[in-house]
Amino acid sequence: MSYRTEEIAYVQPAQPAASAQAVQQQRSTAEYRALDAAHHIHPFSDMGSLNRSGSRVIVKAQGVYLWDSEDNKVIDGMAGLWCVNVGYGRKELADAAYKQMQELPYYNTFFKTTHPPVIELSALLAELAPEPFNHFFYCNSGSEGNDTVLRIVHQYWATQGKHSKKFVISRKNGYHGSTIAGGTLGGMGYMHEQMPSKVENIVHIDQPYFFGEAQGNLTPEEFALARAQQLEAKILEIGADNVAAFIGEPFQGAGGVIFPASTYWPEIQRICRKYDILLVADEVIGGFGRTGEWFAHQHFGFEPDLITLAKGLTSGYVPMGAVGLHDRVAKAIIENGDFNHGLTYSGHPVAAAVAVANLKLLRDEKIVDRVKNDTGPYFQKKLRETFANHPIIGEISGAGLVAGLQLAQDPKARKRFANGGDVGTICRDFCFNGNLIMRATGDRMLLSPPLVITKLEIDEIVSKAKKAIDATAQQLGIS
Ligand code: PXG
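Under the numbering used here, the sequence shown is numbered contiguously, ending at residue 1965.
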């Protein structure tokens, strides 16, 4: 997640290509950059350094492509920030927002009122989500979703009369957002360092990161099992009567697209059940088709009690987050009086209308099916074939349309670069230079393109990634 500014330094593009897609710009690139530097604080950025180098100004997008203010066409290997699942420029979503803004741009759902978009969205989510998920609470982001999860978890145990169940167990290098609760739940040390205070009663166990952290001759399955069993050890240390929930991303996204072996989630689920602990799947990245299933927990074969949703819920066209409640949790919340939590924009009608239009596209155009049966397998195979025996690729993780490529000094010996973050940065700069957006998390290169991507566009991403990774190896003197 760490955005050191040198990672995002703008790379001076080659000659701008003439493009029919050119948009009428209000200002020159230099003016945009000057105003941005003068008035805009970016997230997760070293602003002094960024202002000196200048941001890339993105002005337009269509399908899987972005255009910058110099008219460079860039292929977006990250679907924005893991969110633009239906791709850019879908008129259906714009029309849904326009129509809803005219009919009812806003009304709240606090005081015995509701409205058609939030009703339609809830019914549609209940249809698309696995069977026990029939109730949804709305917010504006994944971070608020995880704040909401904490509120629901504590309310749930209060309704059960188990008031001592207060601890939530999470994982190092997990990402759950950037509010105080989201940041505390996440296991990013550099975020914890800058927090004025943290949410109480949150503790972390190690992540199931085989390539980086497995010792000795453990197989990936043995290692994943051992990492899952840390949960049991932590529960016993704290006392099961004091533990409320475990939260994890089915696969870690921002942490590097870390896919645990098949032994991990069943063991986590077994432990949660054994000690009567709620299991929360943070589906903010994994939800809405990324792995080829509607939700990533279905890919890994487990059944959570709560799911956090955002990003692909609206394909990022407007902000919206949600929490899905398993029937047994929903029942407890519904039957036990007030639940004192809500946001002005909980269930915002425009966001809900856009979400409905978005989910219908994912379903009716069989976009999720295609990820599962066609483009996803193609993408995974193409990456594995292209980088088989590559001198600096240690592993490729992923399923569907998400992948992590581990950069390594000695792939066969699982030896990472001593300065892995710098190597990731070099590689990312080569990608930018080649007009491919690829995210670097330390020494892992990440891809998560829009789910509407075609095989030809996958070929383009993979060949551009290959060029960038070859150039990185060459710069390091490895061949
Ligand atoms: N949970 C998960 C699993 C996420 O990936 C959040 C919660 C928080 O969502 P909001 O909407 O509050 O940002 C996220 C967000 C990156 C990156 O660089 C990833 C996220 C956000 C920003 C950057 O990989 N994930």
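Note that CB positions come from ideal geometry on N, CA and C, so glycine has one too. Note that the structure is predicted; figures quoted are calculated from it, not measured.
Same chain only: Cβ atoms within 6 Å of residue i, ignoring 5 sequence neighbours per side
i     : result
A1714 : Y1750, E1753, I1754
L1795 : E1769, G1773, A1808
Q1501 : The pLDDT assigned to Q1501 is 42, lower than 50, so where the model puts this residue is not dependable, and the model offers no usable value.
L1962 : none
D1791 : L1764, L1765, H1812, V1815
A1726 : Y1761
Pairwise C-alpha distance: residue j and residue i
i     : j     : result
G1862 : S1683 : 42 Å
Y1489 : Y1661 : The predicted model places Y1489 with a pLDDT of 39, which falls under 50 and marks its position as unreliable; any figure quoted below should be read in that light. C-alpha separation (whole angstroms): 14 Å.
I1923 : T1911 : 13 Å
E1517 : A1816 : 52 Å
A1612 : A1838 : 14 Å
G1798 : D1850 : 16 Å
Q1646 : H1640 : 10 Å
E1821 : G1672 : 31 Å
N1558 : R1576 : 21 Å
M1487 : N1905 : Any reading at M1487 is ruled out, since the residue's pLDDT is 43, under 50, leaving its predicted position unreliable.
N1687 : A1731 : 11 Å
Y1676 : E1589 : 45 Å
M1564 : I1947 : 11 Å
G1787 : A1767 : 12 Å
A1583 : L1829 : 20 Å
S1801 : V1570 : 4 Å
F1825 : I1819 : 7 Å
P1935 : A1874 : 21 Å
L1607 : A1841 : 7 Å
A1719 : H1678 : 24 Å
E1708 : E1723 : 22 Å
R1870 : V1572 : 25 Å
S1555 : S1531 : 21 Å
I1853 : E1943 : 15 Å
V1497 : I1793 : Residue placement at V1497 is flagged as unreliable, the pLDDT there being 35, under the threshold of 50; a coordinate-derived value is accordingly withheld.
A1609 : A1520 : 47 Å
D1522 : M1806 : 26 Å
I1763 : L1614 : 26 Å
K1898 : D1945 : 26 Å
F1597 : G1549 : 40 Å
G1739 : S1664 : 14 Å
I1757 : Y1642 : 19 Å
H1525 : R1914 : 27 Å
A1700 : F1903 : 16 Å
V1804 : A1644 : 34 Å
With 16 other Cβ atoms within 10 Å as the buried cut-off, status of residue i
i     : result
N1659 : buried
D1581 : exposed
K1901 : exposed
H1601 : buried
R1513 : exposed
T1599 : exposed
G2018 : A query on residue 2018 cannot be resolved here, the shown segment of the chain reaching from 1487 to 1965 and no further.
R1814 : exposed
H1967 : No statement about residue 1967 is possible, as the shown extent of the chain runs from 1487 to 1965 and does not include it.
A1495 : Residue confidence for A1495 is low, a pLDDT of 36 falling below 50, so the modelled location carries little weight; the figure read from the coordinates is stated next. Per the 10 Å Cβ criterion, buried.
I1964 : exposed
Y1574 : buried
M1533 : exposed
H1649 : exposed
N1632 : buried
L1704 : exposed
G1698 : buried
G1928 : buried
A1710 : buried
Y1864 : buried
V1689 : exposed
Presumed contact (8 Å Cβ cut-off) between residue i and residue j, rounded CB distance
i     : j     : result
F1619 : G1773 : Going by Cβ atoms, the distance from F1619 to G1773 rounds to 11 Å, so no, they are not a contact pair.
I1955 : H1876 : 7 Å
V1836 : M1674 : That pair is no contact at about 32 Å.
L1567 : N1844 : Contact doesn't hold; Cβ gap of about 16 Å is too wide.
K1652 : N1728 : 6 Å
R1464 : Q1693 : Here the chain covers residues 1487 to 1965 and nothing more, so residue 1464 does not appear.
Residues of its chain near residue i, where Cβ-Cβ distance is below 7 Å and the 5 sequence neighbours each way are ignored
i     : result
V1857 : G1775, G1778, G1886, L1887, L1937
T1634 : F1623, C1625, V1809, H1827
P1706 : F1696, A1747
V1743 : F1737, S1883, G1884, V1888, A1889, G1890, R1930, L1932
A1957 : F1916
I1527 : M1533
Residues near residue i by beta carbon distance below 8 Å, same chain, minus five either side
i     : result
M1681 : I1666, G1669, T1670
G1920 : K1950, K1953, A1954
I1879 : F1873, L1891, Q1892, L1893, A1894, P1897, I1955
- prompt: Would the segment 1776-1790 and the segment 1532-1546 be scored as touching if the rule is three or more Cβ pairs under 8 Å?
  reply: no
- prompt: Hey, is the segment 1524-1544 in contact with the segment 1897-1912, meaning 3+ C-beta pairs nearer than 8 Å?
  reply: no
message: Taking contact to mean 3 or more Cβ pairs, one atom from each stretch, closer than 8 Å, check whether the segment 1724-1738 and the segment 1937-1944 are in contact.
response: no
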